[in-house]
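Working notes for the structure below.
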Amino acid sequence: MLSFYKFIAIREKIMKATFFMCAFFSLFSLLLIMLYLFMNGIPFISKIGFSNFVFGTLWAPLSDVASYGIFNMIIATLYVTALSTLFGGTLGVFTAIALYKFIPKKFVRIISQLINLLAGIPSVIYGLFGMRFVVPFVRDYISNNGVGYGIFSTSLVLGIMILPTIVSISLDSLNSVSSKFYEGALALGATKEIAVFKIMVPAAKSGIFASIILGTGRALGETMAVIMIIGGSPQFPSSIFESVRTLTSNIAMGANELSGDALSALIASGVILFAFSLMLNISFSLIESKKKEN
Amino acid sequence: MLSSQKRIKTHYSSLKVFSLISVIISLIALVGIIAFVIINGINNVTYDFLFGKYDNTPSIYPALIGTLNLILISLVVAAPIGIFSAVFLTEYTNLNSIFMKIIRVSIETLAGIPSIVYGLFGYLIFVVSFNWGYSLLGGGLTLAIMILPVIVRSTEESLLSVPNELREGSYALGASKVRTIFKVVIPCASSGIITSLILAIGRVLSESAVLILTIGMVVNKVPETFLSAGTSLALDIYYFGSYGYPNEAAATAFVLLILVLLINLLAYAVGKFLKKGGNYSENNY
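Residue numbers (the working numbering), protein chains in the order written: chain A, 55 to 348; chain B, 201 to 485.
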């Protein structure tokens with residue numbers, strides 16, 4: 055009988071240790087990823103110099119005098135991210151507002167289900183859509199230099215891609231504002247529009263902001279849709295209709311072919327990308343934790 | 201006075217009109233993508249394209265096999281680890297312990313890492329360090345780390361929604377903690393856990409940036425073992441799209457879209473069905 059209890063006690067201990075190991079695994083993987091990136095990236099950055107790397111404007115890893123400046127790609131990344139956040143954010147937030155009060159409830163359910171479904175569409179399908187539909191359209195009707203590939207087309211497609219995220223989180227945060235505010239505003243004589251735009255939207259602003267940050271993060275990290283539309287020349291983006299290259303597409307295009315210092319340069323740009331997305335994550339969690347305090 | 205009031209009213213009404221226009225634009229854009237895929241893809245899907253040999257005409261059979269392998273590998277690794285870590289986080293630690301906070305931060309960070317960085321990591325560790333070359337196993341393991349946050353977070357949520365009375369009842373009957381977890385807590389949360397696994401499968405289906413650096417994009421050969429290089433459906437779309445097979449790209453996109461929709465429907469149905477007929481429903485309390 056005693057041995058039976060002992061068996062149970064040992065089983066409890068073993069299982070607890072197993073659960074602990076599993077929980078520890080995420081921390082372990084994160085550390086491993088950082089170790090691999092930093093171990094390969096940081097020495098390279100210090101070898102060629104941080105400012106030569108980040109502010110260098112020539113990316114020519116295969117030429118005789120190799121040069122590894124990623125400044126153009128950082129600027130292109132910022133351009134694409136900002137522009138797609140502008141497109142997707144504006145459209146998404148206003149869509150969420152309309153779904154919140156201005157559209158009959160029976161349509162809202164259908165529309166928001168549709169939008170949720172669209173959040174699951176693989177990014178490479180967005181890329182294909184961009185390549186076969188948006189790029190020719192921009193080339194023929196919008197672009198001023200006859201080039202369809204580039205920042206503008208990419209941002210349009212990424213804007214659509216991040217739309218579902220922004221709509222659903224903004225709508226959630228609008229819905230979580232107490233309806234007493236709305237009723238109070240109406241009781242004080244505000245019209246429906248004023249109550250929504252002046253009372254409810256400001257009350258939900260931290261959630262809306264969080265949704266935009268999340269969308270920005272997705273646009274920043276997107277790779278496949280981008281390589282299919284951005285064009286890919288590593289030059290300075292002097293116009294939004296120019297074919298350029300972002301950090302992510304640079305990594306995807308080069309990692310299989312490059313080796314040695316050039317591969318280290320890609321890993322180092324992965325480190326830079328990692329740092330960017332970490333900043334976005336931290337600001338997202340700060341907003342979330344502030345929201346919880348309130 | 202009156203005119204300024206009127207001006208304010210028109211200002212906000214125009215905002216309302218703008219928001220209605222936004223809905224229409226969003227819907228056109230989103231429905232447009234689906235319509236684009238269906239219209240271009242549906243006529244190019246043939247039996248040979250789906251299951252034929254990749255000899256002279258392109259076929260996505262290698263990609264179907266590759267995708268299945270990737271789903272299998274990543275789930276076999278990530279499902280137990282993800283579910284067990286959720287169990288540890290909900291059943292063994294309290295919400296404010298430091299360990300819990302560290303794990304939570306690392307899960308959030310993992311969830312926010314761009315997929316190309318995962319791809320780079322997978323390339324460095326599996327292709328270069330382990331010297332496996334391009335392999336489905338390397339891609340699947342990288343994907344496993346990537347879907348871990350999805351599984352942990354939603355499993356944790358469904359474990360937390362199991363009421364404490366059930367655990368206490370089980371203890372009162374003399375069950376040990378581990379027995380309670382396996383016989384009471386996990387079965388009660390099963391619908392949420394299964395939904396999280398289905399969503400993880402959806403993530404594997406749609407991922408391509410990781411795979412382009414880890415599994416090699418060999419589109420014309422059916423992978424023989426886990427260590428062979430291969431391709432996936434999403435990667436095939438990129439390949440066909442970029443290398444001059446627009447019809448094949450659209451057809452593959454159609455197939456992938458259908459699969460993703462089915463996965464979503466399945467997740468929805470599981471959530472609904474198991475909640476209704478499952479062991480535990482909130483109405484009982």
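Ideal placement from N, C-alpha and C gives every residue a C-beta, glycine not left out.
Would A/Ser313 pass as a contact of B/Ile303 if the rule is Cβ separation under 9 Å? Cβ distance not < 9 Å, so A/Ser313 and B/Ile303 don't count as in contact.
Per DSSP, what kind of secondary structure is A/Val298 in: helix, strand or coil? Residue state, collapsed to three classes: strand.
Of the choices A/Leu145, A/Ala150 and A/Ile336, whose alpha-carbon is the least far from that of A/Ser227? Considering only alpha carbons, the answer is A/Ala150.
Does the distance from the CB of B/Ser219 to the CB of A/Ala152 come in under 9 Å? Yes, Cβ-Cβ distance for B/Ser219 and A/Ala152 is below 9 Å.
Identify the residues that DSSP records as bridge partners of A/Trp113: which are they? Beta-bridge pairing by DSSP links A/Trp113 to A/Tyr122.
Would you call B/Thr309 buried or exposed, if buried means 16 or more other Cβ atoms sit within 10 Å of its Cβ? Burial state of B/Thr309 is buried, judged by a 10 Å Cβ sphere holding 16 or more other Cβ atoms.
Output the residue ranges of the beta strand (DSSP E) runs that lie fully inside the segment 203–285 of chain B and measure 3 residues or longer, sorted by chain position. The segment 203–285 of chain B contains no whole beta strand (DSSP E) run of 3 or more residues.
In terms of alpha-carbon separation, which member of B/Tyr443, B/Thr267 and B/Ser222 lies closest to B/Val422? B/Val422 has its Cα closest to that of B/Thr267, out of B/Tyr443, B/Thr267 and B/Ser222.
Would you identify the three-state DSSP class for B/Gly430, choosing helix, strand or coil? Here DSSP, grouped into helix, strand and coil, assigns B/Gly430 to strand.
By the DSSP assignment, the alpha helix (DSSP H) with A/Ala309 in it spans what residues? First-last for A/Ala309: undefined, no H or E at that position.
Which residues mark the beginning and the end of the alpha helix (DSSP H) in which B/Ile347 is found? Element bounds for B/Ile347: Leu336 to Leu360.
I'd like to check one pair, B/Ile316 with B/Leu433: are the Cβ atoms closer than 9 Å? No, the Cβ-Cβ distance between B/Leu433 and B/Ile316 is not below 9 Å.
Measuring straight from C-alpha to C-alpha, what distance separates B/Glu332 and B/Phe326? According to the sequence shown, residue 332 of chain B is Trp rather than Glu. Each residue's alpha carbon lies about 6 Å from the other.
Who does B/Gly416 pair with in a DSSP beta bridge? In the DSSP assignment, B/Gly416 forms a beta bridge with B/Gly430.
Does DSSP classify A/Gly146 as helix, strand or coil? Helix.
Could you give the C-beta distance for B/Ser370 and B/Thr380, rounded to a whole number, given that I count them as a contact under 8 Å? Contact between B/Ser370 and B/Thr380 holds, since their C-beta atoms are separated by about 4 Å, short of 8 Å.
Relative to the C-alpha of A/Ile281, which residue among A/Ala264, A/Arg299, A/Ile321 and A/Ser318 is closest? The shortest C-alpha separation from A/Ile281 is found at A/Arg299.
Express the C-alpha separation of A/Ala77 and B/Ser499 in angstroms, rounding to a whole number. The first residue shown for chain B is 201 and the last is 485, placing residue 499 of chain B beyond what the model contains.
For B/Gly477, I'd like the list of residues in its chain whose CB is within less than 7 Å of its CB, leaving aside the five on either flank, ordered along the chain. Because B/Gly477 sits at a pLDDT of 45, beneath the cut-off of 50, its placement in the model cannot be relied upon, and the point is left open.
Mind checking B/Ile193: buried by the 16 CB within 10 Å criterion, or exposed? Past the boundaries of the shown model lies residue 193 of chain B; chain B is included only from 201 to 485, so the question cannot be answered.
By alpha-carbon positions, which one of B/Ile238, B/Pro262, B/Val231 and B/Gly241 ends up nearest to B/Asn420? In this structure, B/Pro262 is the residue among B/Ile238, B/Pro262, B/Val231 and B/Gly241 with its C-alpha nearest to the C-alpha of B/Asn420.
According to DSSP, residues forming a beta bridge with A/Gly103: For A/Gly103, which the question treats as bridged, DSSP gives no partner whatsoever.
Checking the sheet assignment: what are the DSSP bridge partners for A/Gly285? For A/Gly285, the pairing in a beta bridge is given by DSSP as A/Val298.
For B/Ala450 and B/Asn240, the rounded distance between their alpha carbons: Spanning the two alpha carbons is a distance of roughly 6 Å.
Nearest to B/Thr197 by alpha carbon, out of A/Phe251, A/Ile267, A/Phe330 and A/Gly261? The question about residue 197 of chain B has no answer, for chain B in this structure spans 201 to 485.
Is there a Cβ from chain A that is less than 9 Å from the Cβ of B/Asn244? Judged by the 9 Å Cβ criterion, B/Asn244 is not in contact with chain A.
Where A/Glu66 sits in the DSSP three-state scheme: It is helical.
Apart from the five residues just before and just after A/Glu276, which ones in its own chain have a Cβ nearer than 8 Å to its Cβ? Within the same chain, and ignoring the five residues on either side of A/Glu276 in sequence, the residues whose Cβ sits closer than 8 Å to its Cβ are Ser177, Leu212, Met215 and Thr302.
For A/Val162, I'd like the list of residues in its chain whose CB is within less than 7 Å of its CB, leaving aside the five on either flank, ordered along the chain. If the five residues before and after A/Val162 are omitted, its C-beta is found closer than 7 Å to the C-beta atoms of Leu153, all from its own chain and listed in chain order.
Candidates A/Lys234, A/Phe206 and A/Lys70: which alpha carbon is nearest A/Ser297's? When only C-alpha atoms are compared, the closest one is A/Phe206.
Let me know the secondary structure DSSP gives B/Ser376 once reduced to three states. Here B/Ser376 sits in coil by DSSP.
Do A/Ile87 and B/Ile313 have their C-beta atoms within less than 9 Å of each other? Taking 9 Å as the cut-off, the beta carbon of A/Ile87 is found closer than this to the beta carbon of B/Ile313.
Which residues, taken in chain order from the segment 286–310 of chain B, show a beta carbon closer than 7 Å to some beta carbon of chain A? Those would be Val287, Phe288, Leu289, Tyr292, Ile302, Ile303, Ser306, Ile307, Glu308, Thr309 and Leu310, in chain order.
Can you tell me whether A/Met333 is buried or exposed? The criterion is at least 16 other CB atoms within 10 Å of its CB, across all chains shown. Burial call: exposed.
Proximal chain A residues relative to B/Pro446, where beta-carbon distance stays under 7 Å: Those are Arg186, listed as they occur along chain A.
Straight-line gap, B/Leu324 to A/Tyr90 (C-alpha atoms, nearest Å): Each residue's alpha carbon lies about 7 Å from the other.
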